[in-house]
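Heads up: the protein sequence lines correspond to chains G and S, in order.
Just remember that this note's numbering sits 689 ahead of the position in the first sequence, which is counted from 1.
Just remember that this note's numbering sits 689 ahead of the position in the second sequence, which is counted from 1.
By construction, the Cβ of each residue, glycine as well, lies at the ideal position given by its N, Cα and C atoms.
The structure presented is a predicted model; accordingly, all values stated were derived computationally and were not measured.
2 protein chains.
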Amino acid sequence: MSVFAQLASRKDCPRADTAGPVVIMTRIRLARNLRDCFFPDRADAQMRAHIRERCEKALGSLPAFKGGLVFDIERLNEWDKDVLVESHLISRELAQAKPGASVFISKDCNACVMVNEEDHLRMQFLRAGLQFKQAYKNAEQLDKALEKKLDFAFSDELGYLTACPTNVGTGLRGSALMHLPGLVLSGQMEKVVRAVSLLGMTVRGLSGEGSEAHGSMFQISNQQTLGEKETQILQHIEAVLGTIVEQEENARLRLIEDSPEKLFDKIGRCYGTLRHAHVLTSSEALNFLSLIRLAADLNILPPEKRPALDELIVQVQPGHLRGIVGSQSMPPAQRDIARAAFLRERMKAFPEPDFSKAGL
Amino acid sequence: MSVFAQLASRKDCPRADTAGPVVIMTRIRLARNLRDCFFPDRADAQMRAHIRERCEKALGSLPAFKGGLVFDIERLNEWDKDVLVESHLISRELAQAKPGASVFISKDCNACVMVNEEDHLRMQFLRAGLQFKQAYKNAEQLDKALEKKLDFAFSDELGYLTACPTNVGTGLRGSALMHLPGLVLSGQMEKVVRAVSLLGMTVRGLSGEGSEAHGSMFQISNQQTLGEKETQILQHIEAVLGTIVEQEENARLRLIEDSPEKLFDKIGRCYGTLRHAHVLTSSEALNFLSLIRLAADLNILPPEKRPALDELIVQVQPGHLRGIVGSQSMPPAQRDIARAAFLRERMKAFPEPDFSKAGL
């Protein structure tokens, strides 16, 4: 059974029903390593297999992971890996990692542990909307439970040791997937990226490191892991994100007030194109859906449609789309035709934009 | 009363109810000059006024022009002139001509005579579709009737004398407004322009000399006026146009057969954009309507909608649009917003494209 089919059958798979208009998703990641093994990059295949085995044993004994999913990356085809990346369950880096790389997904799909990525273990917790506290609470629980079963590399002076010095200390990275069309449309995104990086945080595109910002979606995360307590780090992230949310909301308001027709034109054309196009690339589809999501947030489309849009934003990506269409070996040109057909059908459920209702 | 209002009140104004899928409109033009006057460019204001007076007297005595319309160009504002140009009743050149320039339009709006353009008289006859013979029959009748009242400059050796040597002889120019989206989309238009000019004919854009080919609409006309009989000239034009029609039809067929999804995508996006855009320039609107017209010809939209589309193609142009909206002093940005609103409303009468019916 394909990864797509296995994930689709899990009803509790993280769904964006509670996503916010600006913060789509919160993620907490903890990096941990076993004390007596080389980091994955230096470890040979045998050692990586050994690491994987120890992690599997430890995770398998935890109730949250019983009945969960386990995938060995080397056994997956590109399609399967795409589906995991698009679902935010693994990183692009893990998808390209050496033998022994695997991912353990909890039964409710809210937690997952990548094994043999850059570090031995990378625990991840996904939550829809802005939920750092809840996500960190879950992370702490898993961390404590695993610490009883695995001997983590830890220095009293530095904290948790990691393959890359940027993760040493707490090993904690908090990040949020944010939808910032207001800032992008009003040309303020560059300014925000500069300000955020001065505050010790990084801005990346939808699919993480090195990826482009399709659909005005950005991942914003902390860079600092050393010398601060976890709670301080999270407080700092939340404060910065709060400011970005505010700026995005202001930008949206100004777009409506200063040049409504320009904004309505953009949204209208996206709607019309999604309803009637016959060829759509993934990047085009994301950009159009992004503006339709903005329209729902501005009451131009029914706001209750936002979860359906967040679902579409995942579904139009190559891996998921192949799963939906049921064909693995589809060349990109065919995929663009299938994507357009899929969206034409799905967009029928969306009423025509009503610009008279526009407002925040 | 504005030119727009005066033209709109004439029920018999040339309408494209009988336009063809490829040949939208046929036009016959005869250039004539009074024997004893300087050509308009050399004539002073007084002489041009005298020319105008003599033409008015001659035309006013003809039944076809009784109850017709007369406009003195210098009394018209830009808006009025735009309306006349967009209706194919005057040339851009007449719109910019000196005092004394005027146009006489027959009661049924099928004939018009420009006075003091490049020549003293330029009689024009418009017919929807490919109707050179009928248009020329009408032209001949008017020419003979006027010849009884005005003394035309004529040389037994050369024929009718004109301001520009290219018109000497018959003074006859036959032209057709053609819709060639198939040739444009398949990148063959340049080849056609070259071939047509080797056959002694000229290809220009929608609004005549020097204008761009918006909406894949081209005016194709003869260059030769000397040394051939009128019937020979018209036979030659009809033969060349027939070949172009054939090539356009072949190009359309190949588009459907070779890359239907690309064509459907273009048409679908145009339809969606016309239905939902909030800002549309004149050139964008023409290009989109052009593809929707193609869709009607390909049975993707109801073919009986073509006349309504041909009407829209005129109405979205700046002069007509100001008339429809009822505001002369509309800056271009406002006009683009009004144009989009007008098209959103009008396009509601068009059903969604049905690509399963596509064919010639």
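Sequence-distant partners of arginine 699(G) (beyond 5 residues in either direction) whose C-beta falls short of 6 Å from its own C-beta, in its chain, are Cys798. With a threshold of 8 Å between beta carbons, arginine 1024(S) makes no contact with chain G. Comparing C-alpha distances from proline 1042(G) to each of Pro991(S), Ala966(S), Arg995(S), Ser971(S) shows the shortest one belongs to Ala966(S). The continuous beta strand (DSSP E) containing methionine 867(G) extends over residues 861-868. Closest by C-alpha distance to arginine 721(G), out of Ile762(G), Gln936(G), Gly858(G), Asn988(G), is Gly858(G).
Taking 8 Å as the cut-off, the Cβ atoms of valine 759(G) and phenylalanine 793(G) count as close.
The beta-carbon of alanine 966(G) is placed less than 8 Å from the nearest beta-carbon of chain S. Arginine 721(G) has a beta carbon lying at 8 Å or more from every beta carbon in chain S. Listed along chain S are Thr962, His965, Ala966, each with a C-beta nearer than 7 Å to that of arginine 958(G). Listed in chain order, the non-local C-beta contacts of valine 968(S) below 7 Å within the same chain comprise Asp1025, Ile1026, Ala1029, local neighbours out to five positions each way being set aside. Within the same chain, Cβ atoms closer than 6 Å to the Cβ of leucine 872(S) are found at Met878, Val881, Glu937, Ala940, the five residues on either side in sequence being excluded.
In this structure, the beta-carbon distance from glycine 757(G) to lysine 796(G) falls below 8 Å. Serine 971(S) and proline 1007(S) have their C-alpha atoms spaced approximately 7 Å apart.
Using a Cβ distance threshold of 8 Å, tyrosine 825(S) and isoleucine 717(S) count as a contacting pair. Linking leucine 983(S) to proline 710(S) through their CA atoms gives a straight-line distance of about 8 Å. For glutamine 924(G) and alanine 842(G), the gap between their C-alpha atoms comes out near 26 Å. For the segment 1008-1032 of chain S, the set of residues with a beta-carbon nearer than 8 Å to any beta-carbon of chain G comprises Ile1026, Ala1029, in chain order.
DSSP places methionine 714(S) inside the beta strand (DSSP E), whose first and last residues are 712-721. Closest in C-alpha terms to methionine 890(S), from the list Gly876(S), Val692(S), Thr914(S), Leu869(S), comes Thr914(S).
Closer than 8 Å at the C-beta level to chain S, one finds these residues of the segment 1038-1049 of chain G: Glu1041, Pro1042, Phe1044.
By the C-beta density criterion, asparagine 766(G) is exposed, having fewer than 16 other C-beta atoms within 10 angstroms. Short of 6 Å from the beta carbon of alanine 790(G), and not among the five residues preceding or following it, lie these beta carbons of its own chain, in chain order: Ile762, Leu783, Asn805. If you check the CB distance, isoleucine 933(G) and leucine 987(G) do not come in under 8 Å. Counting along the chain, valine 804(S) sits inside the beta strand (DSSP E) bounded by residues 800-804.
Using a Cβ-Cβ cut-off of 8 Å, glutamate 1034(G) is close to nothing in chain S; its nearest Cβ partner there is about 13 Å away.
The alpha-carbon separation between lysine 787(S) and histidine 809(S) amounts to approximately 12 Å. The beta-carbon separation of leucine 815(S) and methionine 714(S), rounded to 6 Å, stays under the 8 Å limit for a contact. Judged by beta-carbon spacing, isoleucine 956(G) lies beyond the 8 Å limit of leucine 930(G), meaning their Cβ atoms are not closer than that value.
Of all residues in the segment 924-957 of chain S, only Glu950, Lys951, Phe953, Asp954, Gly957 come within less than 7 Å of chain G when Cβ atoms are compared, listed by chain position. Ranking Leu719(G), Gln823(G), Val885(G) by CA distance to the CA of glutamate 807(G) puts Leu719(G) first. Residue burial is scored here from C-beta neighbours: arginine 731(G) has fewer than 16 other C-beta atoms within 10 angstroms and is therefore classed as exposed. If the five residues before and after glycine 860(S) are omitted, its C-beta is found closer than 7 Å to the C-beta atoms of Leu719, Ala720, Arg721, Tyr849, Thr851, Thr914, all from its own chain and listed in chain order. DSSP places glutamine 820(G) outside both helix and strand once states are collapsed to three, so it counts as coil. DSSP, reduced to helix, strand and coil, places threonine 891(S) within a strand of the structure shown. In this structure, the beta-carbon distance from leucine 942(S) to leucine 819(S) does not fall below 8 Å.
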